[in-house]
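Reading through the structure tokens given below for one structure.
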Amino acid sequence: MTLFQAVYNLLWGDLVQIPLPGGSTLSLSLLVLILVPAGVYFTVRTRFLPFRLFPEMLRVTLENNRRPDGEALSGLQALIVSTACRVGMGNLVGVVAAISAGGAGAVFWMWLMALLGSSTAFIESTLAQLYKQKDPLYGGYRGGPAYYLHALFVPKGSRRKHSVVAVLFALSGLICWCGISQVTSNSISAAFYNAFSIPPLVSTIVLVAVAAVIVLRKRATVRVLDVMVPAMAACYFFITLFIIVRNAGQLPEVFSRIFAEAFGLRQAVAGGIGAVIMNGAKRGLFSNEAGSGSAPCAAAAAQVSHPAKVGLLQALGVFIDTLVICSCSAMIMLLTPAELTDGLQGMDLLQTAMGYHLGNFGVVLIAVILWMFSLSTFLGILFYARSNVAYLFGDHPGAQLAYKLLALVMLFIGGLAAYQFVWDLGDVGVGLMTVFNMIALFPLAPKALAALRDYEQQYLHKS
Numbered sequence: 003m004t005l006f007q008a009v010y011n012l013l014w015g016d017l018v019q020i021p022l023p024g025g026s027t028l029s030l031s032l033l034v035l036i037l038v039p040a041g042v043y044f045t046v047r048t049r050f051l052p053f054r055l056f057p058e059m060l061r062v063t064l065e066n067n068r069r070p071d072g073e074a075l076s077g078l079q080a081l082i083v084s085t086a087c088r089v090g091m092g093n094l095v096g097v098v099a100a101i102s103a104g105g106a107g108a109v110f111w112m113w114l115m116a117l118l119g120s121s122t123a124f125i126e127s128t129l130a131q132l133y134k135q136k137d138p139l140y141g142g143y144r145g146g147p148a149y150y151l152h153a154l155f156v157p158k159g160s161r162r163k164h165s166v167v168a169v170l171f172a173l174s175g176l177i178c179w180c181g182i183s184q185v186t187s188n189s190i191s192a193a194f195y196n197a198f199s200i201p202p203l204v205s206t207i208v209l210v211a212v213a214a215v216i217v218l219r220k221r222a223t224v225r226v227l228d229v230m231v232p233a234m235a236a237c238y239f240f241i242t243l244f245i246i247v248r249n250a251g252q253l254p255e256v257f258s259r260i261f262a263e264a265f266g267l268r269q270a271v272a273g274g275i276g277a278v279i280m281n282g283a284k285r286g287l288f289s290n291e292a293g294s295g296s297a298p299c300a301a302a303a304a305q306v307s308h309p310a311k312v313g314l315l316q317a318l319g320v321f322i323d324t325l326v327i328c329s330c331s332a333m334i335m336l337l338t339p340a341e342l343t344d345g346l347q348g349m350d351l352l353q354t355a356m357g358y359h360l361g362n363f364g365v366v367l368i369a370v371i372l373w374m375f376s377l378s379t380f381l382g383i384l385f386y387a388r389s390n391v392a393y394l395f396g397d398h399p400g401a402q403l404a405y406k407l408l409a410l411v412m413l414f415i416g417g418l419a420a421y422q423f424v425w426d427l428g429d430v431g432v433g434l435m436t437v438f439n440m441i442a443l444f445p446l447a448p449k450a451l452a453a454l455r456d457y458e459q460q461y462l463h464k465s
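Shown next, in the form of structure tokens:
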């Protein structure tokens, strides 16, 4: 426990403190110190890809996604799988927590981190395509950071089956996703108890049963996510749009609050400008997962005509997660009178806000949406886990089954009680994944940048 706590504090603790005007302090964790400069660096190296190639991201999303190999994923399907993981309870409860602690200004910094993270997502996902392998167990392809880390540290022709850093990344991912399994079910059981007074045991058993039917079938995960993710994201977006239209008169005041508090013109109650920046930055960075190495596990599974296409799709995924879904949660919060939500946290706060806008229907609706978000997250992380389990244990169906059963057990346990150690284990896992992933991104980035230049020459500069 002492060692674990030391690692947790190193990754998430206040490593550097910068004094700011007004007596506030900006506390920076190791992960923020890694991801923010990386986002700036990759944005410059890709020549401001999020702005310059945004229309191309949309075009690639809408193009014909047929592929010759029926077992492989299309680029759009890989985007849907990664979106399933990005769009989870963090987009609901996490955004509410960021605004509660950092004020409305946290939303601005959340948006800014999405713009920076988009370029990082392009680099890691393009690398996943460049270093993907055939998947004899599931068909199609597999890959991700463990595979490009292996290529970085193990010379071609070597008999070594594993790289130490790649093994550490794969283990960190498996640990992280077990922790997330518990967090998702705990949020669902709490939401359903608040909305319907359903005992946690009942809602947990139903969730685990549905998840087991899907994940224990060989190819059911992607088929379910193909339907679930677009439906739930569209549902949440249009409901929020309805709320925004109904409260259109308040929008100028809301945006004024966001920008004023973002720059400390009106200090947020909890800690001043430092808290505003950090809460927004953390939510933006870790909701969209850019740099953590999660999404590349899905990106590698796609079969496309050019590796950079997957990078562009995953860069768009960051926008979908933060600029669309997280912003929806923020607007629901900020359009609710503050006196109704004072002293509330997490799901209680969000359900109160939805109750204000839509009555009892809103409370029920947010519980159902959270159930869909959380189930899709669980399905997505088990898809991610395939490539890491295969890297560690080879093509053994028993290893894949064992990890699925472990994740289902964690899903069941989490629905009945919240174990802080396991929650922190998930945070440590994603933090270590990010550190190990970044070890590869900088030295291998020239290959992804070369792929981007080649793509632009082939598809954008034909004339």
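All you need for my numbering is the position in the sequence shown, starting with 1, plus 2. By construction, the Cβ of each residue, glycine as well, lies at the ideal position given by its N, Cα and C atoms.
- Looking only at C-alpha atoms, which of A297, A86 and S29 sits nearest to L372? Reading the sequence shown from its first residue, position 370 is the one you call residue 372. The candidate whose alpha carbon is nearest that of L372 is A86.
- Message: Between the segment 48–61 and the segment 310–324, can you find at least three pairs of beta-carbon atoms closer than 8 Å?
- Response: yes
- Task: Look at the alpha carbon of S84 and the alpha carbon of A297, and state the distance between them as a whole number of angstroms.
- Result: Here residue 84 corresponds to residue number 82 of the sequence shown, with the count starting at 1. Here residue 297 corresponds to residue number 295 of the sequence shown, with the count starting at 1. Computed Cα separation, rounded: 5 Å.
- What does a CB cutoff of less than 7 Å around V18 pick up in its chain, not counting 5 residues either side in sequence? The residue you call residue 18 lines up with position 16 of the sequence shown. The answer, listed in chain order, is L30 and L35.
- Task: Inspect the CB distances between the segment 426–436 and the segment 179–190 and report whether three or more fall short of 8 Å.
- Result: yes
- Exposed or buried, N11, counting other C-beta atoms within 10 Å across all chains shown (16 or more means buried)? Position 9 of the sequence shown holds residue 11. Answer is exposed; the Cβ neighbour count stays below 16.
- Query: Should H398 be labelled buried (16 or more other beta-carbon atoms within 10 Å of its own) or exposed?
  - Reply: Along the sequence shown, read from residue 1 onward, the residue named residue 398 stands at position 396. With fewer than 16 Cβ atoms within 10 Å of its Cβ, H398 is classed as exposed.
- Item | Closest by C-alpha distance to A304, when choosing among V370, A262 and Y386 | Counted from its first residue, the sequence shown places residue 304 at position 302. When only C-alpha atoms are compared, the closest one is Y386.
- Can you check DSSP and say which residues form a bridge with Y143? The sequence position of residue 143 within the sequence shown is 141, counting from 1. In DSSP, Y143 forms a bridge with K136.
- Endpoints, the beta strand (DSSP E) within which I1 is located: No information on residue 1 is available, as it lies outside the stretch 3 to 465 that the chain covers here.
- Looking only at DSSP bridge pairs, what is A304 linked to? Here residue 304 refers to the residue found at position 302 of the sequence shown. Bridge partners of A304: L75.
- Message: How far does the alpha helix (DSSP H) with C178 in it extend, from its first residue to its last?
- Response: On the sequence shown, residue 178 is found 176 positions in, with the first residue counted as 1. Unbroken alpha helix (DSSP H) run through C178: V166 to F198.
- Beta-carbon gap between Y393 and H164 smaller than 9 Å: Residue mapping note: residue 393 aligns to position 391 of the sequence shown, counting from 1. Residue mapping note: residue 164 aligns to position 162 of the sequence shown, counting from 1. A contact, by the Cβ cut-off of 9 Å.
- Query: How many Å lie between Y202 and V217 at the Cα?
  - Reply: Here residue 202 is taken as the residue at index 200 of the sequence shown, counted from 1. Here residue 217 is taken as the residue at index 215 of the sequence shown, counted from 1. According to the sequence displayed, residue 202 carries Pro and not Tyr. Looking at the two C-alpha atoms, the distance is approximately 22 Å.
- F444 burial status per 10 Å Cβ neighbour count (16 or more: buried): Here residue 444 refers to the residue found at position 442 of the sequence shown. The residue in question, F444, is exposed, as its Cβ has fewer than 16 Cβ neighbours within 10 Å.
- Query: Taking A447 as the reference, which of V208, L154 and I200 has the closest Cα?
  - Reply: Taking the first residue of the sequence shown as 1, we reach residue 447 at position 445. The candidate whose alpha carbon is nearest that of A447 is L154.
- Query: What does DSSP give as the partner residues of S29 in its beta bridges?
  - Reply: Taking the first residue of the sequence shown as 1, we reach residue 29 at position 27. Q19, per the DSSP bridge assignment.
- Message: Rounded to the nearest angstrom, what separates V204 and R455 at their Cα positions?
- Response: Looking up residue 204 in the sequence shown gives position 202. Looking up residue 455 in the sequence shown gives position 453. Roughly 54 Å separates the two Cα atoms.
- Message: What does the Cβ neighbour count give for K134, buried or exposed, with the cut at 16 atoms within 10 Å?
- Response: Here the question's residue 134 lines up with position 132 in the sequence shown. K134 should be labelled buried.
- Message: What does the alpha-carbon distance come out to for the pair S189 and K158?
- Response: Position 187 of the sequence shown, counted from the start, is the residue given in the question as residue 189. Position 156 of the sequence shown, counted from the start, is the residue given in the question as residue 158. One C-alpha to the other measures close to 46 Å.
- Query: Assuming R88 contacts D350 under a Cβ cut-off of 8 Å, what Cβ separation, rounded to an integer in Å, is found between them?
  - Reply: The count along the sequence shown starts at 1 and reaches residue 88 at position 86. The count along the sequence shown starts at 1 and reaches residue 350 at position 348. Contact doesn't hold; Cβ gap of about 24 Å is too wide.
- Rounded straight-line distance, which links the Cα of M230 to that of A236: Sequence index remark: in the sequence shown, residue 236 carries index 234 (1-based). Sequence index remark: in the sequence shown, residue 230 carries index 228 (1-based). Spanning the two alpha carbons is a distance of roughly 10 Å.
- Message: Check for me: the alpha helix (DSSP H) holding M335 runs from which residue to which?
- Response: Taking the sequence shown and counting its residues from 1, one reaches residue 335 at position 333. That run of the alpha helix (DSSP H) goes S329 to L336.
- Message: Just to confirm, is the Cβ distance from W111 to L325 under 9 Å?
- Response: Within the sequence shown, the letter at position 109 stands for residue 111. Within the sequence shown, the letter at position 323 stands for residue 325. Not in contact: W111 and L325 (Cβ atoms no closer than 9 Å).
- Message: Tell me the rounded alpha-carbon separation between A452 and T48.
- Response: Here residue 452 refers to the residue found at position 450 when the sequence shown is read from its first residue. Here residue 48 refers to the residue found at position 46 when the sequence shown is read from its first residue. When rounded, the distance between both Cα atoms is 10 Å.
- Query: What's the gap between the Cα of L32 and the Cα of L51?
  - Reply: Taking the sequence shown and counting its residues from 1, one reaches residue 32 at position 30. Taking the sequence shown and counting its residues from 1, one reaches residue 51 at position 49. One C-alpha to the other measures close to 26 Å.
- Contained alpha helix (DSSP H) runs [length at least 4] in the segment 338–426, N- to C-terminal order: 340–343, 348–360, 362–395 and 399–418
- Message: Let me check understanding here. Comparing Cα to Cα, which of G107, N439, L151 and T354 lies closest to A292?
- Response: Position 290 of the sequence shown, counting from 1, holds the residue named residue 292. Ranking G107, N439, L151 and T354 by Cα distance to A292 puts N439 first.
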